[in-house]
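Before any comments, here is the structure.
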Amino acid sequence: MKLYYAPGACSLATHILLREAGLPFDLEKVDIRGKTTEHGEDWMTINPKGYVPALRLDDGDVVTENVVLHGYVADQKPEAKLAPAHGTKARLKQDELAVFISTEIHKGYSPLFNPAITDDARKAAIDRLKGRYTLVEKLLSDGRTYLTGDQFTTVDAYLFTVTNWSNSLKVDLSGFPNVMALQKRIAARPAVQASMVAEGLIKAA
Ligand SMILES: N[C@@H](CCC(=O)N[C@@H](CS)C(=O)NCC(=O)O)C(=O)O
1 MKLYYAPGAC SLATHILLRE AGLPFDLEKV DIRGKTTEHG EDWMTINPKG YVPALRLDDG
61 DVVTENVVLH GYVADQKPEA KLAPAHGTKA RLKQDELAVF ISTEIHKGYS PLFNPAITDD
121 ARKAAIDRLK GRYTLVEKLL SDGRTYLTGD QFTTVDAYLF TVTNWSNSLK VDLSGFPNVM
181 ALQKRIAARP AVQASMVAEG LIKAA
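The opening position of the sequence shown corresponds to residue 1 in the working numbering, with each subsequent residue numbered one higher.
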């Protein structure tokens with residue numbers, strides 16, 4: 001498999017999950033503005049959607065969409081327990097969280113990446129995001145270690161990745177102590193550290 005990624009972008013979640021699963025994979029960096037890969041290929045030819053992540057399977061097919069890739073990686077290595085079995089209530093609840101993170105939190109950050117955003121629009125986007133984090137904060141208030149319980153899963157990798165943007169985008173999440181504590185716990189995982197080093201986001205310890 002090959003993961004096409006951009007440093008620190010949402011593709012970091014799939015990257016983390018590939019390492020957590022212990023699956024063999026290659027990485028290829030994509031310039032999502034210039035739409036070229038690090039090997040000089042036209043990104044739009046590889047993925048006409050123009051965005052990352054994209055996963056090239058061993059048969060050559062290219063598949064996209066964060067939540068789908070996370071589930072796929074988890075299903076390749078069930079013993080890594082990154083997602084419960086399909087058809088179970090636990091999987092239903094995890095899928096519900098995954099789509100919530102995708103559509104409400106990940107896409108909630110999107111307007112903040114626009115350098116031309118007005119102050120009013122920025123405030124509205126941040127207020128909306130904080131409303132979503134309020135729900136996550138409440139979910140974590142029973143003292144669980146990770147989003148779905150004691151086990152690190154796909155949704156932890158995804159929430160970690162998008163919440164990491166709050167630093168560079170100056171979104172103050174200090175009012176969400178459980179979310180911040182979760183963020184720290186996930187950051188400390190060896191697979192997360194290794195992924196961030198490989199993407200050039202942090203230096204090797
Ligand atoms: N629907 C896609 C959205 C992926 C997405 O938003 N990717 C961003 C990086 S986090 C991107 O590559 N943006 C560049 C672009 O859209 O041209 C998914 O969930 O995988």
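Glycine residues also receive a C-beta, built at the ideal position from the N, C-alpha and C atoms. Note that the coordinates shown come from a computational prediction; the quantities given were computed from them, not determined experimentally.
Val30 in three-state terms, based on DSSP: strand
Checking the sheet assignment: what are the DSSP bridge partners for Thr36? Asp31, Asp42
Spatial neighbours of Tyr5 within its chain, please: C-beta separation below 8 Å, excluding the five flanking residues on both sides. Ser11, Leu12, Thr14, His15, Leu27, Glu28, Lys29, Val30, Val52, Pro53, Glu199
Which parts of the region 105-167 are runs of the alpha helix (DSSP H), unbroken and 4 residues or longer, counting only runs that do not cross its ends? 119-139, 154-163
Take Asn178 as the anchor and find which of Trp165, Asp142, Ala194 has the nearest alpha-carbon. Considering only Trp165, Asp142, Ala194, the residue with the shortest C-alpha distance to Asn178 is Asp142.
Short Cβ contact (8 Å threshold) for Val67 with Ala90: no
Ser166: CB within 7 Å of a non-hydrogen atom of ligand 1: no
Which word fits Pro84, buried or exposed, when buried means at least 16 other C-beta atoms lie within 10 angstroms of its C-beta? buried
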